[in-house]
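Enquirer: Below are the structure tokens for one structure; questions will follow.
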Amino acid sequence: MSNIKRKPIIGILPSVEPSNKMTKVNYGYTDGIIKHGGIPMIFTFVEDEADIQQMVDMCDAFLFVGGVDVDPTLFGEEKLNDTVDISPERDALEIPVVKMAMAQDKPIMGVCRGIQIINVALGGTLYQDLPVQNTAPNALIHSQKVGYPEGGHNIDIVKDTLFDELFGVEKTYVNTYHHQSVKDVAPGFTVGAYGEDGIVEAIYMKERPYVLAVQWHPELIRHQHECSDKIFEYFMKCAYKKIQDCQ
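Quick note on numbering that gives the first Met the number 0: the sequence shown kicks off at 0 and runs consecutively.
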């Protein structure tokens, strides 16, 4: 038994259905983790800080998934309008988990809402309502109405960044389903990709390159979009390295 390689346990921060408090995780997230050698563990919405800490201690890395908006009060703003749809349950769980994971120096990956909550938890801000606040002359539609690849847009990869190293391309075409987005990037993060209208599409930490997040949904397109699958592959390699370093 001692020769069996331990798989990293990836804590997934799920969505919650307000009407019945049902937790939900898209199959693409768990499948991406399993296919690249990890074991997904879905968090529950406990409130006690000690209970949250215990769940964090059980995991080797963390995946923050997509979903509804982040509460603007968490980055010092009042709610802009009624399109801002928040989840107090998710904010109350995810903010502490980000900080606890950072304190334990564990890998973190964010997708869509995930990039937003990570950015806010670590001191950044968001555009609350992108269709209203994105005033760029070439503003893109960031919430596609048809499937991929018919819907979506190109992103520009920033040279000499983690995403440049991972993808090996200057531009790639992604899907897009978001209402908010990163505005002021949190301290310690570097932007790895922008939409063609200047909206942040990927961030990571140079000092901790195992902390990364993207605005699009790689879990939905990784079977047909090589760059999206590379994100899961890289994240799982980071998780494996962490548990090996701790042995």
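Glycine included, C-beta positions come from ideal geometry on N, C-alpha and C.
Could you have a look at PHE234 and say whether DSSP puts it in helix, strand or coil?
Expert: Correct three-state label for PHE234: helix.
Enquirer: Are the CB atoms of VAL119 and PHE166 within a distance shorter than 7 Å?
Expert: The answer is no: Cβ separation not under 7 Å.
Enquirer: With 16 other CB atoms within 10 Å as the buried threshold, where does CYS237 fall?
Expert: Counting Cβ neighbours within 10 Å, CYS237 comes out buried, since at least 16 surround it.
Enquirer: What distance in whole Å lies between the Cβ atoms of ILE51 and MET108, which are believed to be in contact at a cut-off of 8 Å?
Expert: Contact doesn't hold; Cβ gap of about 19 Å is too wide.
Enquirer: Please report the distance separating the alpha-carbon of SER1 from that of GLU77.
Expert: At SER1, the pLDDT of 44 sits below 50, so the modelled position is not reliable and the matter cannot be decided from this model.
Enquirer: Could you check whether the region 88–97 touches the region 156–164, counting it as contact only if at least three pairs of C-beta atoms, one from each stretch, sit closer than 8 Å?
Expert: Touching, no, given that fewer than three Cβ pairs across the two stretches are closer than 8 Å.
Enquirer: Bridge partners of GLY109, per DSSP?
Expert: Paired residues: PHE63 and ALA212.
Enquirer: If you run the structure through DSSP and keep just helix, strand and coil, what is VAL15?
Expert: Of the three classes helix, strand and coil, the one that applies to VAL15 here is strand, per DSSP.
Enquirer: Could you pull the start and end residues of the alpha helix (DSSP H) that TYR26 belongs to?
Expert: Residues 26–34.
Enquirer: Cα separation between PRO136 and GLY66?
Expert: Cα to Cα, PRO136 sits roughly 27 Å from GLY66.
Enquirer: Given this structure, state the Cα-to-Cα distance separating GLY146 from VAL213, to the nearest angstrom.
Expert: About 19 Å.
Enquirer: When the Cα atoms are used, what is the spatial distance from ASN133 to LYS6?
Expert: Near 42 Å, if we compare the C-alpha coordinates of LYS6 and ASN133.
Enquirer: Per DSSP, what are the beta-bridge partners of SER180 in this structure?
Expert: Answer by DSSP bridge pairing, in chain order: TYR126.
Enquirer: Taking the alpha helix (DSSP H) that ALA100 belongs to, which residues open and close that run?
Expert: Looking at the DSSP string, the run of the alpha helix (DSSP H) that includes ALA100 is 87–102.
Enquirer: Can you pull the DSSP bridge partners for ILE41?
Expert: In DSSP, ILE41 forms a bridge with ILE11.
Enquirer: Would you call MET57 buried or exposed, if buried means 16 or more other Cβ atoms sit within 10 Å of its Cβ?
Expert: With fewer than 16 other Cβ atoms within 10 Å, it is exposed.
Enquirer: Please classify VAL168 as buried or exposed, where buried requires at least 16 neighbouring CB atoms within 10 angstroms.
Expert: Classification for VAL168: exposed.
Enquirer: Flag this pair as yes or no: are the beta carbons of HIS141 and LEU129 separated by less than 7 Å?
Expert: For HIS141 and LEU129, yes; Cβs fall inside 7 Å.
Enquirer: Counting pairs of beta carbons, one from the region 182–192 and one from the region 217–232, are three or more of them closer than 8 Å?
Expert: Output reads no: the region 217–232 does not touch the region 182–192.
Enquirer: Measure the CB-CB distance between THR171 and GLY151 and report whether it falls below 7 Å.
Expert: It is not a contact, given that the beta carbons lie outside the stated cut-off.
Enquirer: Buried or exposed: where does TYR203 fall if 16 or more other Cβ atoms within 10 Å of its Cβ makes it buried?
Expert: By the 10 Å Cβ count, TYR203 comes out buried.
Enquirer: Under 7 Å between the Cβ atoms of ALA102 and ASP196?
Expert: Not in contact: ALA102 and ASP196 (Cβ atoms no closer than 7 Å).
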